[in-house]
Structure formats: structure tokens, C-alpha cells
Amino acid sequence: EILSDVPVEERKNTLAGLGQFQHIRVSHTVGNPMDYDSLKEAILRSHTSMVKDQDIPFSVVVISDRELILGDASRADKHSVFSLLLVETICSKFGVKVQNLVAEVVDSKLGKQITKLKPSLTYIAAEEVMTLVTAHVAENSKLNEVWKDILNAEGDEIYIKDICLYMKEGETPSFNELSERACLRREVAIGYVKNNGQVINPKPKTEPLTLSMADSLIVISEFEGEQPIIE
3 EILSDVPVEE RKNTLAGLGQ FQHIRVSHTV GNPMDYDSLK EAILRSHTSM VKDQDIPFSV
63 VVISDRELIL GDASRADKHS VFSLLLVETI CSKFGVKVQN LVAEVVDSKL GKQITKLKPS
123 LTYIAAEEVM TLVTAHVAEN SKLNEVWKDI LNAEGDEIYI KDICLYMKEG ETPSFNELSE
183 RACLRREVAI GYVKNNGQVI NPKPKTEPLT LSMADSLIVI SEFEGEQPII E
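Residue numbers (the working numbering): 3 to 233.
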């Protein structure tokens, strides 16, 4: 469900250029993402519409206002963070189990401050992502095709998956070993999450890592869930 103050017809015209979606149903709601009542109704409606006998992850993503970013990026970030904090409050109050609470921000410093105060929240810094992409491509031009696939709407995506898919409790594998195990699942490991802190392209890659079962591996994958191991 998309909650925005943008008119529905304008949204449909934008989505029409993306072609047909597979396995995705999009519903539109006109409202202010910074309004408590509008957010509450959208969240509860989306949550109750999910199939009860299936364990479907429920996530909320706050996307920055593009026009506001161009005029006042700081204000756009404040709006995004405010909406995300409202979402967390609503979900906590009404017992909505959320897998991911994410906000898009321009200022990565603000994002880090928020996640430090509220570990349950995460952020995506657009400029930080593009800097990472540029650095990777500059280091190895062959990665350009990889990133084009990731950033393409129809390509593979970046997922944060439970570490238990790649190691057993008590093990201390190196990042290279974790990468090999991810490869058996047709995935590419690019980092890990330890104690709510993200490490991308860790170095050195041959030293043993001390990870708990609460930590995660960051991978490039075609699917969000568990993938079968290649025999």
C-alpha cells in the first residue's frame, strides 16, 4: 500500500511506465504520511489484509519527497524521520509485528544518529549508496554490470538474511568462507550485520569472524527468502 498526498491518477501514470508487476498488488491511499491518523489507518489496513495463515514479512519504507530534496534536503530528511518514528509508535501501540522499518535520507549522519537511538530503525542514504557504487566501479570496471543489474527494477536485489543460513552456532567462519556458502545458494555476499552495525566489503576477508545467531549476512540475491543449495 502506498500512502502519499500525490493524486492517484498521477501515481498510476508514473507506474504505467514501469510495465506490469508480477506477484505484486499495489493499492493507493491519499493522505499525509506525517499525520498520525492517516498512518495508523494505512498500517492497520495493510496488516489486517495479509493472509493470516501465512508468515508474510511486514515492512514499512518511508521514501523522501523528491521535490523537497531538491529544495531543502534537510527538511526532507526531518519529514522522513518524523514519519518513521510515527510508524514505530503506531506499530508498538497496536501490536503490529514489523520486520523492517526503513527511511530514505540524504544525510547519512542523521541516519546513524537515529539508528543509534532506535536500533529497530534503519535508513538508506541515497548519496552513500551512489558513492559506494562509484568506488566499486572505479576499483573494478567489471562491477558496473553487476550494479546495473542490482539497480534495475527487474534485477537481483540486496537482502539482509539470517546468519543461521550460512553457519552453525559456535562457528567462526571467515568472510571468504561465508561468501563461498552464499555462492552455493546462488548469492553474492557483500557484507554482514553485527550488533546492529553494518560492515560492507569487510577487510581482511580471511580472518575468523565472531558472529552470533542474531547477526545477519548482506547478500545480492534473486529472492528474499531461503534459496536451495546447489548440489
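Here a beta-carbon is modelled for each residue, glycine too, at the ideal position from N, C-alpha and C.
Here residue 208 is near residue 176, since their CB atoms are less than 9 Å apart. Burial of residue 163 is indicated by the presence of at least 16 other C-beta atoms within 10 angstroms of its C-beta. Annotation for residue 126: the continuous beta strand (DSSP E) segment containing it runs 124-127.
About 5 Å separates the CB atoms of residue 79 and residue 109; that is less than 8 Å, so the two are in contact. Assigned with DSSP and collapsed to three states, residue 73 falls in helix. Short of 6 Å from the beta carbon of residue 33, and not among the five residues preceding or following it, lie these beta carbons of its own chain, in chain order: 5, 40. DSSP places residue 105 within a strand segment (E or B) once states are collapsed to three.
Burial state of residue 91 is exposed, judged by a 10 Å Cβ sphere holding fewer than 16 other Cβ atoms. Its chain contains 198 as the residues whose beta carbon lies nearer than 6 Å to that of residue 121, once the 5 sequence neighbours on both sides are disregarded; these appear in chain order. Exclusion of the five residues before and after residue 202 leaves 134, 192, 193, 220 as the residues of its chain whose Cβ lies within less than 8 Å of its Cβ.
Annotated three-state conformation of residue 113 is helix, per DSSP. Taking C-alpha positions only, residue 96 is separated from residue 43 by approximately 11 Å.
In this structure, the CA atom of residue 105 is about 33 Å from the CA atom of residue 173.
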